[in-house]
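Numbering (this note's numbering), first residue to last: 3 to 724.
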Amino acid sequence: MKLIVFLALVLTFNAQAFTQQKRDKLLGNLIKKALENYHYRSLIIDDSISEIAFKEYLKRVDPGKQFLLVEDVKKLEAHKSKMDDQMVSGTFSIITSGSEILEKRFKKIEQWRKEYFSKDFDFKKEEEIELDPDKRVFQKNEKDLKNLWRKIFKQATLSRYLTLLEEQNEEGKEDKEKKKKKKKKKKEKKLSDKELREKARKSISDKYKKFFKRLRDESHDDNLEKFFNAIANVYDPHTNYLPPRRKEDFDIDISGSLEGIGAVLQEDGSYIKVVSIVPGGAAWRQKDLAVDDVILRVKQAKTGEEVDLVDMQVDDAVRYIRGPKGTTVVLTVKKLDGTRKVIPIVRDVVEISASFAKSSVITHKDHDLKLGYITVPKFYRDFDGNGRNCTDDVRRELVRLKRKKVDGIILDLRNNGGGALEDARQMSGLFIEKGPIVQIRDHRGKTDILKDDDPSITYNGPLIVMVNRFSASASEILAAALQDYGRAIIVGNDFTHGKGTVQAILNLNQGPIPKLMGGDMGALKVTIQKFYRIIGSSTQVKGVVSDIILPDRFANSKSREADIENSLPWDRISPRPFAPWTDKRVDIGMLRNRSQMRVKNNERFNKIFKMNDYIKKRNEDTKVSLKLETVIKEDKENKDMIEKLKIKKEQEKLIVSEFEESIKEIEKIKPGEEKQWKKDFKQRKEEWVKNIRLDVELEEAFYIMKDIFHLRNNKKLSKIKN
Numbered sequence: 003m004k005l006i007v008f009l010a011l012v013l014t015f016n017a018q019a020f021t022q023q024k025r026d027k028l029l030g031n032l033i034k035k036a037l038e039n040y041h042y043r044s045l046i047i048d049d050s051i052s053e054i055a056f057k058e059y060l061k062r063v064d065p066g067k068q069f070l071l072v073e074d075v076k077k078l079e080a081h082k083s084k085m086d087d088q089m090v091s092g093t094f095s096i097i098t099s100g101s102e103i104l105e106k107r108f109k110k111i112e113q114w115r116k117e118y119f120s121k122d123f124d125f126k127k128e129e130e131i132e133l134d135p136d137k138r139v140f141q142k143n144e145k146d147l148k149n150l151w152r153k154i155f156k157q158a159t160l161s162r163y164l165t166l167l168e169e170q171n172e173e174g175k176e177d178k179e180k181k182k183k184k185k186k187k188k189k190e191k192k193l194s195d196k197e198l199r200e201k202a203r204k205s206i207s208d209k210y211k212k213f214f215k216r217l218r219d220e221s222h223d224d225n226l227e228k229f230f231n232a233i234a235n236v237y238d239p240h241t242n243y244l245p246p247r248r249k250e251d252f253d254i255d256i257s258g259s260l261e262g263i264g265a266v267l268q269e270d271g272s273y274i275k276v277v278s279i280v281p282g283g284a285a286w287r288q289k290d291l292a293v294d295d296v297i298l299r300v301k302q303a304k305t306g307e308e309v310d311l312v313d314m315q316v317d318d319a320v321r322y323i324r325g326p327k328g329t330t331v332v333l334t335v336k337k338l339d340g341t342r343k344v345i346p347i348v349r350d351v352v353e354i355s356a357s358f359a360k361s362s363v364i365t366h367k368d369h370d371l372k373l374g375y376i377t378v379p380k381f382y383r384d385f386d387g388n389g390r391n392c393t394d395d396v397r398r399e400l401v402r403l404k405r406k407k408v409d410g411i412i413l414d415l416r417n418n419g420g421g422a423l424e425d426a427r428q429m430s431g432l433f434i435e436k437g438p439i440v441q442i443r444d445h446r447g448k449t450d451i452l453k454d455d456d457p458s459i460t461y462n463g464p465l466i467v468m469v470n471r472f473s474a475s476a477s478e479i480l481a482a483a484l485q486d487y488g489r490a491i492i493v494g495n496d497f498t499h500g501k502g503t504v505q506a507i508l509n510l511n512q513g514p515i516p517k518l519m520g521g522d523m524g525a526l527k528v529t530i531q532k533f534y535r536i537i538g539s540s541t542q543v544k545g546v547v548s549d550i551i552l553p554d555r556f557a558n559s560k561s562r563e564a565d566i567e568n569s570l571p572w573d574r575i576s577p578r579p580f581a582p583w584t585d586k587r588v589d590i591g592m593l594r595n596r597s598q599m600r601v602k603n604n605e606r607f608n609k610i611f612k613m614n615d616y617i618k619k620r621n622e623d624t625k626v627s628l629k630l631e632t633v634i635k636e637d638k639e640n641k642d643m644i645e646k647l648k649i650k651k652e653q654e655k656l657i658v659s660e661f662e663e664s665i666k667e668i669e670k671i672k673p674g675e676e677k678q679w680k681k682d683f684k685q686r687k688e689e690w691v692k693n694i695r696l697d698v699e700l701e702e703a704f705y706i707m708k709d710i711f712h713l714r715n716n717k718k719l720s721k722i723k724n
């Protein structure tokens with residue numbers, strides 16, 4: 003009887019293994035064929051692709067070069083040219099071999115963790131650790147690896163200790179009124195220095211204990227994801243295999259229906275980095291969280307539970323950040339300048355009305371000029387099923403501003419990551435008579451042209467389009483079209499984001515065969531098209547170069563398409579005939595020279611230049627000290643410098659003396675909610691006015707428009723002081 007049960011179990015196990023291998027084989031072949039047949043680059047997955055993918059695979063299994071030894075890498079190199087074959091066969095021997103090696107390393111490092119955290123670290127010793135994975139090398143032997151992990155543990159503990167110390171000191175500086183309010187609550191005991199060190203050590207020890215357990219518990223699908231995406235990313239960085247769990251997260255991000263903070267995150271080595279802020283989301287309204295911030299820890303305000311995100315996968319990290327509307331999550335982040343900041347954010351759904359196009363009439367206390375200002379946070383269409391789109395909203399605001407007899411209009415596309423391509427086409431048509439707007443080329447070489455066929459022009463006066471490094475996709479199409487026609491002056495950073503590609507989601511569950519295999523196969527996000535300007539050049543990588551360049555406060559951020567490995571290259575195709583704008587053209591060279599002189603004499607812009615130089619110097623020095631005295635000294639010097647270069651409130655210049663707020667509200671207000679709606683509307687209005695008044699880039703755009711107005715009307719230009 004026992005023998006029969008045993009045989010039955012073996013047969014069941016073998017059937018499951020056989021089914022798993024068949025599923026893996028099917029999945030590998032589906033992804034291979036989809037990449038080869040649909041991706042813009044039309045590459046065949048062979049040995050040469052496999053060798054490139056192998057390097058990417060190593061980054062995925064050991065991004066910090068903190069697990070594998072040189073001998074381990076050599077062993078894995080036996081699979082370097084065979085990943086393409088394994089993809090077809092469904093026998094992923096590189097995964098098996100890598101898992102065996104890593105399991106061995108995890109067990110050993112876990113032993114070292116227990117050893118090192120059983121006693122205090124010596125923070126008086128002068129030593130340092132390299133934090134940049136690209137500058138690290140794989141360790142030669144276990145002795146070197148053990149020493150590396152001693153430094154990793156030590157640096158993490160030192161950092162946590164200083165954060166705890168800083169938080170305790172800040173709490174002690176609270177004003178008396180806040181202290182009175184807190185008397186009702188249980189007073190927290192002030193920890194001694196010894197207790198702070200013990201708390202930091204225990205916290206980091208527990209963190210790595212969980213971290214190693216999570217690594218050991220990685221599923222078969224987790225390993226397959228690393229394998230397939232190592233190959234997919236050879237094609238380009240926007241092409242990814244989405245296993246079932248990540249596909250679910252992707253669907254939530256696309257729909258925008260999730261309650262949370264409204265930020266898009268991605269893994270950057272061992273860290274979780276903010277790559278974009280969703281317009282209308284909680285973080286967007288709170289203002290403190292910014293692109294390129296590294297989220298170190300997450301704390302739930304209600305429970306006080308805190309989680310360290312360093313070395314955590316992004317899909318795990320977001321589960322700690324998301325939560326019900328109205329609850330508060332507290333993020334500890336590292337800013338681009340190296341300072342740490344604690345940011346509380348009240349979770350909420352994306353506030354759709356906050357991401358709609360808005361406009362104002364702005365003036366200047368020292369200049370007789372009235373301008374229309376329109377900001378478009380994103381290219382939206384049919385949001386929430388109400389039929390609203392940004393083109394109609396911008397058209398309405400243009401008509402309203404014309405009735406106000408403005409002398410020019412500034413269209414702000416800064417931080418606009420794109421959206422509906424149709425609105426890039428239609429919105430361009432609001433400013434030109436008719437003609438081609440953008441060319442779209444697919445992987446077969448077929449080119450389609452999107453045109454504006456409507457001869458009507460909503461606004462034909464002076465126009466400035468503001469952009470920055472975060473203006474992408476549809477924003478770049480609109481800016482490029484208006485620049486090519488000579489219709490607008492593009493003002494902003496040296497060039498825009500440079501994402502000139504289109505992705506499609508291929509459902510890998512289509513057809514009868516995947517269904518017969520059982521389970522969800524996931525999906526493949528694949529780049530299928532590329533954008534080209536009507537003059538023939540691509541917006542990919544190079545983006546749109548501004549006619550007049552303003553200082554970039556994120557100049558040291560590696561956040562553009564050009565900064566991402568394996569991005570599709572810039573190229574050009576045949577231009578298309580079009581009729582350039584000829585009405586009252588002005589000398590851009592003169593405008594540029596005058597703007598440069600103003601920027602040079604502007605204290606706020608000069609602080610941006612100095613801050614960029616300072617951050618660049620800090621970023622180049624990626625080794626950090628593990629000596630407490632040195633770290634405290636360096637932190638103080640950094641904070642003092644950041645404070646010195648910060649734009650103080652008394653330095654802010656009021657650039658708006660008259661204000662006419664015209665946010666078009668078409669939301670349906672439910673009975674009984676009028677009072678709260680008016681309160682929220684007033685708050686949004688006050689914030690809107692404040693942001694306009696303190697915007698140094700918008701101030702300079704105002705001066706540029708003033709020069710345009712004078713040149714067009716043959717008026718004498720004002721003298722710029724040197």
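For glycine and all other residues, C-beta sits at the position ideal for the given N, C-alpha and C. Every value quoted in this text rests on a predicted model; they were computed, and no experiment measured them.
*asked:* Quick check on the DSSP output: the beta strand (DSSP E) that includes Gly374 runs from which residue to which?
replied: In the DSSP assignment, Gly374 falls within the unbroken beta strand (DSSP E) covering His369 to Thr377.
*DSSP on Thr503, reduced to helix/strand/coil?*
Strand, per DSSP.
*Just how far apart, CA to CA, sit Ile665 and Gln428?*
Residue confidence is low: Ile665 scores 44 on pLDDT, short of 50, so the model does not pin down where it sits. No coordinate-derived value is stated.
_With H, G and I counted as helix, E and B as strand and the rest as coil, what does DSSP make of Phe661?_
Because the pLDDT at Phe661 is just 49, under 50, the model does not fix this residue reliably, and the point stays unresolved.
*Could you give the distance in angstroms between the alpha-carbon of Thr21 and the alpha-carbon of Lys27?*
About 10 angstroms.
*Taking the alpha-carbon positions, what's the Ser278 to Ile131 distance?*
Approximately 30 angstroms between the Cα atoms of the pair.
*What is the C-beta distance between Phe358 and Asp395, in whole angstroms, given that I count them as a contact (C-beta under 8 angstroms)?*
Phe358 to Asp395, Cβ: 6 angstroms. Contact.
*Since Ser430 contacts Leu465 with CB under 8 angstroms, what's their CB separation in whole angstroms?*
Distance from Ser430 to Leu465 at the Cβ level is roughly 11 angstroms; contact not present, criterion being Cβ atoms closer than 8 angstroms.
_Opposing strand residues paired with Arg299 [DSSP bridges]_ = Residue pairing of Arg299 in beta bridges, as defined by DSSP: Asp310 and Thr334.
_Backbone CA spacing between Ile722 and Gly488 [nearest angstrom]_ = Ile722 and Gly488: Cα-Cα distance of roughly 26 angstroms.
*Beta-carbon separation of Leu60 and Val75 under 8 angstroms?*
In this structure, Val75 lies closer than 8 angstroms to Leu60 by Cβ.
*By how many angstroms is the C-alpha of Asp295 removed from the C-alpha of Lys719?*
As written in the sequence, residue 719 is Leu, which differs from the Lys given in the question. Rounded to the nearest angstrom, the two C-alpha atoms are 42 angstroms apart.
*Which first and last residues belong to the alpha helix (DSSP H) in which Leu526 is found?*
Boundaries around Leu526 are those of the beta strand (DSSP E), Ala525 to Tyr534, since no alpha helix (DSSP H) includes it.
*For Ser194, decide whether its Cβ has a neighbour in chain D, counting only Cβ atoms nearer than 8 angstroms.*
Here chain D cannot be found, since the structure has a single protein chain.
*In angstroms, rounded to a whole number, what distance separates the CA positions of Asn235 and Thr624?*
Rounded to whole angstroms, Asn235 to Thr624 spans 27 angstroms at the Cα level.
*Could you give the DSSP three-state label for Asp223: helix, strand or coil?*
In the structure shown, Asp223 sits in a helix (DSSP, three-state: H, G or I).
*Kindly identify the DSSP beta-bridge partner or partners of Lys275.*
Answer is Gln268 and Val296.
*Helix, strand or coil at Leu167 according to DSSP, with G and I counted as helix*: Reduced to three states, the DSSP call for Leu167 is helix.
*Given a threshold of 16 other Cβ atoms within 10 Å of its Cβ, counted over all protein chains shown, does Val401 qualify as buried or as exposed?*
Exposed, since its Cβ has fewer than 16 Cβ neighbours within 10 Å.
*What's the C-alpha gap between Gln288 and Ile347?*
About 7 angstroms.
_Considering Cα atoms alone, identify which of Asn417, Gln441, Leu647 and Gly30 is closest to Glu424._
Checked all of Asn417, Gln441, Leu647 and Gly30; the closest Cα to Glu424 is Gln441.
*asked:* Give me the residue from Lys106, Arg342, Ile412 and Asp384 with the minimum Cα distance to Tyr375.
replied: Nearest of Lys106, Arg342, Ile412 and Asp384 to Tyr375, Cα basis: Ile412.
*asked:* Beta-carbon within less than 6 angstroms of Asn495's beta-carbon, same chain only, minus the 5 sequence neighbours each way: which residues are those?
replied: Excluding residues within five positions, the ones whose Cβ falls inside 6 angstroms are Asn470, Arg471 and Asp554.
_Whole-angstrom distance between Leu166 and Ile345, CA atom to CA atom_ = Straight-line spacing of the CA atoms in Ile345 and Leu166 works out to 15 angstroms.
*Taking Ile451 as the reference, give the member of Ser458, Ile575 and Ser561 with the closest Cα.*
Nearest in C-alpha terms to Ile451, of all of Ser458, Ile575 and Ser561, is Ile575.
*Cβ-based neighbour list, Asp270, same chain, cut-off 8 angstroms, excluding 5 preceding and 5 following*: Only Val296 meet the Cβ criterion.
*In three-state terms, what does DSSP make of His366?*
Looking at His366 - three-state DSSP - the assignment turns out to be strand.
*With burial defined as no fewer than 16 other Cβ atoms inside 10 Å of the residue's Cβ, what is the status of Ser361: buried or exposed?*
Buried is the call here.
*Please classify Gly100: does DSSP put it in a helix, a strand, or coil?*
Gly100 sits in a helix when the DSSP states are folded into three classes.
*Pairing CB atoms from the stretch 609 to 619 with CB atoms from the stretch 552 to 570, are three or more of them under 8 angstroms?*
The stretch 609 to 619, when compared against the stretch 552 to 570, does touch it at the 8 angstroms Cβ threshold.
*Beta-carbon spacing of Leu32, Ile47 below 8 angstroms*: Using a Cβ distance threshold of 8 angstroms, Leu32 and Ile47 do not count as a contacting pair.
*Can you say whether His222 is buried or exposed, counting buried as having 16 or more other CB atoms within 10 angstroms of its CB?*
His222 should be labelled exposed.
*For Ser205, which option in Phe155, Ile233, Asp238 and Lys192 has the closest C-alpha, if you only look at C-alpha atoms?*
Of the listed residues, the one whose Cα sits closest to Ser205 is Phe155.
*Can you tell me whether DSSP reads Tyr243 as helix, strand or coil?*
For Tyr243, the three-state secondary structure derived from DSSP is strand.
*Cβ of Thr498 within 8 angstroms of Cβ of Lys532?*
Taking 8 angstroms as the Cβ cut-off, Thr498 and Lys532 do not qualify as a contacting pair.
*Could you give the C-beta distance for Ile103 and Trp151, rounded to a whole number, given that I count them as a contact under 8 angstroms?*
At roughly 16 angstroms, the Cβ-Cβ gap does not stay under 8 angstroms, so Ile103 and Trp151 are not in contact.
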